[in-house]
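Comments concern the structure below.
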Amino acid sequence: MLPDLQIDLPKSLSSIVEDRIRNAIINAELAFGQALPEDSMGLSMGVSRTPMREALTRLQTQGLVVIVPKKGTFVFKPTLADAEQLASFRLTLEMEAVRRCHTHAPEATVQSMKATVEAMRAARAAGDGKAYARADTEFHESFFANCNNAYLANAYHTVSGRIAALRAHLSASHANEQATSFDEHLQMVAAFSEGKLAQMNKTLRQHILRAASAYENALREMGVDEA
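When we follow our numbering, the leftmost residue of the sequence shown carries the number 853, and every step to the right adds one.
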């Protein structure tokens, strides 16, 4: 029998471009609705139109950009209805993921939760809203990394970029939300660590619905559409 001869191939150029634009969107470097012209984007990144177009097409499938024929490509622009529906979908998935984490990988989940909370604490101390948002995103992604269900994780990943983008825009412009958010994360760590799933789910629901309300308020301030 042959040994494992698999090698790690380098990422394609279009994948590198995709990752860079995705990170710019979910870290609030690019504004909601901002135009992404292929030519100027390609020049700024030093790539031709082909890998740029491939990257933007994949980002469209993730809901992070919108390609409008004869008009161009734009960063997605969430509506108030989007924020509400994302919260409902997210809540359903996260509660099931938490239940499975407690059954299949409680120690690993607690370790991940605690590590990301410490990253959130450091970001708060540094006054870095975007770093706080990234750590917040990692906190919730830890449920899907440890839930032992690839279908559940894949379902979450179809919307995780949009959730992260909303979170980053809120953290960048509403620093007062951090205190409440951080306290809720501490409560979730304590409840999960002690096996109190009912309390964990109660706090998780409160956290997601409160965040959705904050997202909606922030979007209203940006003048977005209702639906």
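Ideal Cβ placement from N, Cα and C applies to all residues, glycine included.
Check	Outcome
Go through its chain and collect everything with a Cβ distance to F1034's Cβ below 7 Å, but skip five positions before and after it.	M972 and R976
Between the alpha carbons of T931 and I1015, how many angstroms are there, rounded?	13 Å
Just the Cα atoms here: how many angstroms apart are S1065 and I919?	28 Å
Helix, strand or coil: how does DSSP classify V1011 here?	coil
Check F884 in the structure and name its three-state DSSP category.	coil
Using only CA atoms, which one of Y1003, A1020, A1005 and E906 lies nearest to Y1067?	A1020
For Q963, does the count of other Cβ atoms within 10 angstroms reach 16, so buried, or fall short, so exposed?	exposed
Could you tell me the alpha carbon to alpha carbon distance between M965 and S994, rounded to whole angstroms?	7 Å
Please classify M1080 as buried or exposed, where buried requires at least 16 other C-beta atoms within 10 Å of its C-beta.	With the chain running from 853 to 1079 in the structure shown, residue 1080 is simply not present.
Does the ligand HEM have even one heavy atom less than 6 Å from the beta-carbon of L1022?	Summarising the ligand content, the structure contains no ligands, and the ligand HEM is consequently not present.
Using the Cβ count rule (16 or more neighbours within 10 Å means buried), how would you classify T1092?	Residue 1092 is absent from the model: the chain starts at 853 and stops at 1079.
Any idea which residues DSSP pairs T931 with across the strands?	Its beta-bridge partners do not exist; DSSP assigns none.
Below 7 Å between beta carbons: does that hold for L1038 and A949?	no
How is V918 classed by DSSP in three states: helix, strand or coil?	strand
Apart from the five residues just before and just after A987, which ones in its own chain have a Cβ nearer than 7 Å to its Cβ?	T968, A971, M972 and A975
Below 8 Å on the Cβ atoms is my contact criterion, and I expect F926 with G915 to pass it. Report the Cβ-Cβ distance as a whole number of Å.	Actually they do not touch by this definition, with Cβ atoms about 12 Å apart.
For I868, tell me which candidate among M897, H956 and F996 has the shortest Cα-Cα distance.	M897
Who are the Cβ neighbours of L865 in its own chain at under 7 Å, not counting the five residues just before and after it?	V899 and P903
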